[in-house]
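K.L.:
Here it is, the structure in full.
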Amino acid sequence: MMEEMFEEKLLSEWPVAQNWGFVLFLFCFFISMQLLGKRFRLFSSMLHSIFREGNRQSIFTEPVDNEFLTKILLCLQTVILTAVIIYCTLFHTRDIPFETIAQQLFWTLGSFSLLIIVFILYKFASTVLIGNVFFPKENVLLLNFNLFSILSLSGFVLFIPTLLMFYVSSAYYFCFYFNIIYFLFIEMLMIYKIYVIFFHHKSLLLYFILYLCAQEIVPLYLLYKAFGYLIFMMQNGTLWSQ
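With my numbering as the guide, the letters of the sequence shown map in order to residues 12 to 253.
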């Protein structure tokens, strides 16, 4: 009986969450349209720099107006959309008690976005710290440049699937698996970039594996554990409690 009342309350408050979601997606829409509009050259240059083989000179290409600001906004869009994907997954699979669904939306998106931002900053900082010790500085800059471009483009790629995942229940599973496949593709692409930029023409397979463990596998595992801890705290109602 209590579960039915809780589900009815969620359904009655869901339009409120959808209204706030509309604000977030509208913000992301304007950023995406700006990239496809006046800064389409930036969009094509990022794609070209990521997927071409001889991209050692990509960081020295002519910059586009407000390129850095546009990429920062797209990275922020990637963070928000990733947090929305996690929220939708939790909403469909787990019971996270909050007084209102709007409060649930704000706290979940806020905490997960903060965690993702910390993870991204760690990736950039650790690449610089470790890379400058073992590899040429230009290679470190190139890898971070590619990571920055991949994160920026992800904000554009994830927009439509996340929008459908949030508003269209029948499209949830299709969009969920699409996002999972995309994240796996991005991880494989980063591993390929690490090999090409740092370990190409080098017979150092053991060092390559150690680098992947230190820079890819361990941080992702820690991120997974941090998400699990936050979800556990939310389910038990102990997060942000007085």
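Even for Gly, the Cβ is constructed at its ideal location relative to N, Cα and C.
Answer yes or no: do Ile-61 and Asn-157 have a C-beta to C-beta separation smaller than 8 angstroms?
P.N.:
yes
K.L.:
Helix, strand or coil for His-59? Go by DSSP, reduced to three states.
P.N.:
Under the three-state reduction of DSSP, His-59 is assigned to helix.
K.L.:
With H, G and I counted as helix, E and B as strand and the rest as coil, what does DSSP make of Leu-241?
P.N.:
helix
K.L.:
Between which two residues does the alpha helix (DSSP H) holding Val-168 run?
P.N.:
148-168
K.L.:
At which residues does the alpha helix (DSSP H) containing Phe-185 begin and terminate?
P.N.:
Counting along the chain, the alpha helix (DSSP H) containing Phe-185 begins and ends at 183-205.
K.L.:
Contact check, Val-9 vs Phe-177 under 8 angstroms by CB: the rounded distance?
P.N.:
Shown here, the chain extends from 12 to 253; a query on residue 9 therefore has no answer.
K.L.:
Tell me, to the nearest whole angstrom, how far the beta carbon of Ile-91 is from that of Leu-35; I am working on the premise that it is less than 8 angstroms.
P.N.:
Confirmed, about 6 angstroms.
K.L.:
Would you decide whether Met-245 is buried or exposed? Buried here means 16 or more other CB atoms lie within 10 Å of its CB.
P.N.:
Burial of Met-245 is indicated by the presence of at least 16 other C-beta atoms within 10 angstroms of its C-beta.
K.L.:
If Lys-204 sits next to Leu-132, beta carbons under 8 angstroms apart, how far is it from one beta carbon to the other, in whole angstroms?
P.N.:
With 8 angstroms as the limit, Lys-204 and Leu-132 do not qualify as a contact, their Cβ atoms being about 19 angstroms apart.
K.L.:
I'd like the list of long-range same chain contacts for Pro-172, defined as Cβ closer than 7 angstroms, with 5 residues on each side in sequence excluded.
P.N.:
Answer for Pro-172: Cys-186, Phe-189 and Asn-190, listed in chain order.
K.L.:
For the alpha helix (DSSP H) containing Phe-210, list its first residue and its last residue.
P.N.:
Segment: none, Phe-210 is in no alpha helix (DSSP H) and carries neither H nor E.
K.L.:
Under the three-state reduction of DSSP, which class applies to Cys-99: helix, strand or coil?
P.N.:
helix
K.L.:
Tell me where the alpha helix (DSSP H) around Ile-220 begins and ends.
P.N.:
Annotation for Ile-220: the continuous alpha helix (DSSP H) segment containing it runs 216-223.
K.L.:
With DSSP as the reference, label Val-179 as helix, strand or coil.
P.N.:
Note: Val-179 maps to coil in three-state DSSP.
K.L.:
Going by CA-CA distance only, name the one from Ala-136, Thr-89, Glu-227 and Tyr-183 that's closest to Phe-123.
P.N.:
Thr-89
K.L.:
Could you compute how far the alpha carbon of Met-199 sits from the alpha carbon of Trp-118?
P.N.:
31 angstroms
K.L.:
Which residue wins for smallest C-alpha separation from Thr-81, given the options Phe-209, Gly-166 and Lys-148?
P.N.:
Ranking Phe-209, Gly-166 and Lys-148 by Cα distance to Thr-81 puts Gly-166 first.
K.L.:
Roughly how many whole angstroms lie between the Cα atoms of Tyr-206 and His-59?
P.N.:
Taking C-alpha positions only, Tyr-206 is separated from His-59 by approximately 18 angstroms.
K.L.:
Name the residue from Ile-220, Phe-209 and Pro-230 whose alpha carbon lies nearest to the alpha carbon of Ile-144.
P.N.:
First, the amino acid is wrong: residue 144 is Val here, not Ile. The residue with the shortest Cα to Cα distance from Val-144 is Phe-209.
K.L.:
Could you pull out every residue in the same chain whose Cβ sits closer than 8 angstroms to the Cβ of Leu-174, ignoring the five residues on either side in sequence?
P.N.:
The beta carbon of Leu-174 sits closer than 8 angstroms to the beta carbons of Phe-36 from its chain, once the five residues preceding and following it are set aside; these are given in chain order.
K.L.:
Would Cys-43 pass as a contact of Phe-170 if the rule is Cβ separation under 8 angstroms?
P.N.:
The sequence given here places Ser at residue 43; Cys does not occur at that position. The answer is yes: Cβ separation under 8 angstroms.
K.L.:
Which word fits Gly-142, buried or exposed, when buried means at least 16 other C-beta atoms lie within 10 angstroms of its C-beta?
P.N.:
buried
K.L.:
If you measure between the beta carbons of Ile-202 and Leu-223, is that distance less than 8 angstroms?
P.N.:
yes
K.L.:
Taking just the CA atoms, how far does Ser-180 sit from Glu-149?
P.N.:
46 angstroms
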